[in-house]
Structures are given as C-alpha cells and as structure tokens.
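Structure record follows, encoded as structure tokens.
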Amino acid sequence: MTGVSTRVPWLTTLFVALAASLSASPAVSDALVYRRAAVEAGEVWRVFTAQWVHGSASMAFADLAVVALCGGFLERRHRGLALGAAVGGLLAVALAVHGTQAQVTHFDGSSGVAAALFVAAALWIALRSGSGRLRVLSILAVVGIFAKAALEQWAGWQLTGVGLPEGARVLPAAHLAGGVAGACGVAWIARGRGRERTRCASDPSPRIAAGAA
Amino acid sequence: MRRPTVSIPLVVCVFAALACCSCGSIAVRKTSNVLDYLYPEGTAAIPARDVSLTLPLRVGVAFAPGGTSSRSGGSGWIDATAMGGEITEAQKLELLERIAEAFGDRDYIASVDPIPSLYLSSGGSFENLDQLAQAMGLNVVVLLSYDQAQFNETSNWSLTYWTVVGAYVVKGENNQTQTFVDAAVYDIPSRALLFRTAGSDVRGGRSTPIESAEAVRSESAKSFENAIDDLIRNLDDGLKAFGEEAKTGRVRGQGTPAIEVKAAPGYSGVAKFENGRYSGAIGVVELCLLGVLLGGAALVRRRG
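Respectively, the protein sequence lines represent chains A and B. Numbering-wise (our numbering), the first sequence opens with residue 1 and increments by one. Numbering-wise (our numbering), the second sequence opens with residue 1 and increments by one.
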C-alpha cells in the first residue's frame, strides 16, 4: 500500500473524543438520543446526534474503537474519503432509522458510522494493496460484515452486539446502511481516479508532454 | 358325604355386585369468573375510554372473587365431600406472589402488588377497583379467572379393595386434573381491557382409595402452580405484544380505544416498554473481522 501520510487524523480524533464525552453524561445523552416521538414533535437533530451517544460504556468502547482504527487508517491516506464515509454513514443511518424502521422508537450508537468506515477502509485496502492475499482478505471482510448484518436483518439471527444496554436490540439496518455508504464513498473515489487515468491516457497534459520532450 | 354345591349364577351375581360397588367416578369443578365480578347481572354497559398510561406502572394482581366449587358423582370407597374444595386464600396469595416476583423487576413496572380476595367484593365491578386504585395507588390491575376440573375414576383393580389390604396398597384410582387460568389486564381509570392471556395445565396420576382425597388436593395445588407458570410465560409474551401494539396508538388494533404512553417525570424507559429500543452496537463478529484484517495488513507490511 502506498500514500500513507504522517498527518494526525484529527477528524477521527475529534469524532471519538466528542462521542466519548457526550456518552459519558446521561443527561446530555438523554437530550441527544433518537426518540421517534420527539423527532416527530420537531427535535430533528436527534436523528443525527443519536449516533454520537451510547447507552453503555462497553458499547461505546466497541463502536468507537472501530471508528478510531478504521477512521484513523483511512484519514491518514485519504481525508476526503474518511470524511465522506463518516458523513455518508451518518446520513444513511439517519434515513434508515427514521424512514424505514418504524419499529424503532429509541436509537443510539455510532455503529453505522463504524460500519461505513470499516467497509471504506477494507475496500481501500482491496483497491490499493500490492498483496493479492490482503486484497482477498479485505473483500472477505466486507462480505462478512454485510452477510452478518443481512442475516440479522432478514433471517432473524441475533448475533448480539457488545455490551448492549438493558432491553435494547441491535439494529442491523444501521450497519447495512452505514456499510453501503462506505462502499459508495470508495466507489465514488475509484470512479474519479478511473476518469482521471482515462483522461491522462487519451489527452496528456502539457506538463507531461513537456516532460516527455 | 355330600359336597356343598355352589350355583354358578350366584357366584356371577356376587362378583357383579362387588364390581358395581367398587366402580364409580367423581368430578370436582372450581371456577371463578372475572366477568361476573366486573359486570354483575343488571349492570349497564360500561364503555371503555381512551387509555393514558403513565410509566412506570403500579400494577395490582388479584383473583376475581366469588369462586364456586361443585362436586358430582360418587364412589363406594371414596368420600366425595373430602375431595376438592375451594382454593384457599393462602394458596391464592402464594400464586399471586409468583406473578409479582416474575414481573416486579421490569423497568417500566414500579411495583406489582398481590391483592387478597378479601379486598374485592363479589360483583364489586369497577367501583370496587376504583377504591383499590386510590387506596393502593394502582394504575393497572391483572384479574385472574380460573376453571379447574378434577376427575376421579375407579378402575377394575378396585376388586382388590375387598381384601381390605388392597385398598391400602393398590393404586386403582385414576385421577385427572385440568386447570385453566385466564389473566385480563385492565386499565382502571379508562375501564379498558388492555390485553388478556391464559395458562393451562393437564396432569394425571393414580392413587389408592385411602389416599385419593389427599392426592386430588395435592394435584389441584400442583396443577394451579403449573398453570400459573404457563400464564407467566404467556403474560410475558402478551406484555411484549401489547407494548408493540401501543406504539400504533391503539390498545388492540383498529376499533379499540386509543392509547397514549407517557413517562413520569424523571423516567425514560418508554422505549423499553414498547420494545422499540435499538442500538447501533458493533458486535464480536465485526471486531473479529477487523482484527483479522489488521493482522493481515501487519503481516504483509512486515514481509514486504
């Protein structure tokens, strides 16, 4: 793999620090968590802010560990992709929770963003790695994360999350939505690079032409 | 010497008479009905109003008063009046405690109070429940009705009872007990039936005629316990289904009273009651996949 920068992944650091501190205060969490009735009464921000708070410490640890590792990895290589995957994940999960999951009256957790960054990071490795085995491993990891969420969503399997709050269930639709957002982000970047490469091949820029001369 | 002759028809008649004396069946039935308590004869219709539940709930649980018990049939060896009998107050309280214990730890239930039957007047209807609600601070009441039928039948082995020893050692009595317990959950202020569910138990056994009355009583108690355990499981499912139904804004679907679920100040467990609490939680599978991927990447970097 190439293109590793030494810059600090401050976007990821900021996300993790903010989510951890918001989750630490029950009063703040209560004001930010998703509640369908409150959202329908006008508190629209809850659809997005719910993904920054967590109902239990172990759930926060698991979610934010994945965000930190995958977000940090991606941000050091392509900040735009990291930002795009995270924002795309937030939006996709918000839409999935409020728009398609009518049974959900309460939601929290940043696993959707974590899934988006995971898929984006794995696909990035698959596209950029020089090792064939690592590429296969990355693809298998992406297939694995989607297969698990799909089994939970449609086959009714309950592969529990880490340290769920009492009475809560995992929402696999959030993982699916986040994963799709991450994949779309990578596809967008890959498509842009593909176009650039095609343009360079058919119409060399004056600088390249001058260099060649 | 002339041998005494025994007439064969006489022997047959004696055995037939003995067999008839030995045979018999007894049926014991105990019932209590919640409808007789809430809507006694002559009561005008009591329409249910829209429901407004404030969580956490204070729930009362009681047997509908005015239970009856009846016996029919008879047996030559068993005193029918010694069998069955009405379920005692102590037994009722023990069964109510079981239910209270099973549901008392729910976040959206502040308390479950067993109510002795003495507090409920026969045919007392909702006025009686209103008094209880005020006295005990209840929002919701679970009223239990029951129907237990016990049958005792004497088998052909009863011929051995005439040896007297046989009555003590031969288990020639077949006992069967069938119990059905129904729970109706009412919101007291609105008079609305929130949901209902039931539990049942069927059991059988054999006993000697001497121990029959005791065996029947013991089977009755065991059968009630099993039916209540079954009811607890079904109540749990019923409660979940009711919570999910409540999200739709109706108590039991189209045409039933509207329901609004509110939280008391400082309480935030409405989602738990409605079974609508979900979390975006990364699981062990995702963490393992990430671990494998990171491990693979580290290995490739080290080699290359």
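All C-beta atoms, glycine included, are put in the ideal place defined by N, C-alpha and C.
In the DSSP assignment, what are the bridge partners of residue i?
i	result
T68 of chain B	B:T31
R191 of chain A	R191 of chain A pairs with nothing; no bridge assigned.
I109 of chain B	B:L57
S279 of chain B	A:D108 and A:V170
E173 of chain B	B:T154 and B:S207
T179 of chain B	B:Q148 and B:D201
S52 of chain B	B:E260
L143 of chain B	B:A62 and B:A184
P114 of chain B	B:V61
Y34 of chain A	A:F107
Could you tell me whether the Cβ of residue i comes closer than 8 angstroms to any Cβ of chain A?
i	result
I282 of chain B	yes
G276 of chain B	yes
V141 of chain B	no
L293 of chain B	yes
G67 of chain B	no
E286 of chain B	yes
G205 of chain B	no
A297 of chain B	yes
Answer yes or no: does any C-beta atom of chain B fall closer than 8 angstroms to that of residue i?
i	result
V170 of chain A	yes
P9 of chain A	no
T179 of chain A	In the sequence on display, residue 179 of chain A carries Gly and not Thr. So no, G179 of chain A is outside the interface.
V16 of chain A	no
T2 of chain A	For T2 of chain A, the predicted structure reports a pLDDT of 49, less than 50, and the residue's modelled location is therefore unreliable. The matter cannot be settled from this model.
V66 of chain A	yes
S205 of chain A	In this prediction, S205 of chain A scores a pLDDT of 45, lower than 50, which makes its location untrustworthy; no coordinate-derived value is stated.
A187 of chain A	no
S131 of chain A	yes
A55 of chain A	Note on identity: in this sequence residue 55 of chain A is Gly, with Ala being the wrong assignment. Closer than 8 angstroms to some Cβ of chain B, the Cβ of G55 of chain A qualifies, so yes.
L176 of chain A	no
L69 of chain A	yes
L134 of chain A	yes
L164 of chain A	yes
G192 of chain A	no
Quick one: grab the DSSP three-state call for residue i.
i	result
G73 of chain B	strand
V39 of chain A	helix
A192 of chain B	strand
A213 of chain A	Unreliable placement is indicated for A213 of chain A, whose pLDDT of 34 sits below 50; the coordinate value is still reported in the next sentence. Correct three-state label for A213 of chain A: coil.
R250 of chain B	strand
H99 of chain A	It is Gly, not His, that sits at residue 99 of chain A in the sequence shown. Note: G99 of chain A maps to helix in three-state DSSP.
P26 of chain A	helix
A45 of chain B	coil
R76 of chain A	helix
H215 of chain A	Examination of residue 215 of chain A is not possible in this model, given that chain A is present from 1 through 213 alone.
G296 of chain B	helix
G185 of chain A	helix
S223 of chain B	helix
R46 of chain A	helix
T12 of chain A	helix
W52 of chain A	helix
Q131 of chain B	helix
Q158 of chain A	coil
Cβ closer than 8 angstroms: which chain D residues qualify as neighbours of residue i?
i	result
L290 of chain B	No chain D is part of this structure, whose protein chains are labelled A and B.
Give me the subset of the stretch 136-156 of chain A whose CB atoms are less than 8 angstroms from a CB atom of chain B, sorted by chain position.
Here the close residues are L137, S138, A141, G144, I145 and K148.
Going along the chain, which residues of the stretch 80-108 of chain A sit with their C-beta nearer than 9 angstroms to a C-beta in chain B?
Taking a C-beta cut-off of 9 angstroms against chain B, the contacting residues of the stretch 80-108 of chain A are V93, V97, Q101, A102, Q103, V104, T105, H106, F107 and D108, listed in chain order.
Closer than 9 angstroms between beta carbons: that is the criterion. Which residues of the stretch 110-125 of chain A meet it against chain B?
Flagged, chain order: S110, S111, G112, V113, A114, A115, F118, A121, A122 and I125.
So if I threshold CB-CB distances at 8 angstroms, which residues from the stretch 84-113 of chain B count as touching chain A?
Cβ contacts with chain A come from D107.
Near-chain A residues of the stretch 220-233 of chain B - C-beta to any C-beta below 8 angstroms
Those would be none; no residue qualifies.
Contact residues within the stretch 47-62 of chain B, judged by C-beta distance below 9 angstroms to chain A:
Result list empty, no residue passes.
What residues in the stretch 236-261 of chain B bring their beta carbon closer than 8 angstroms to a beta carbon of chain A?
Within the stretch 236-261 of chain B, the residues whose Cβ lies closer than 8 angstroms to some Cβ of chain A are E244 and K247, listed in chain order.
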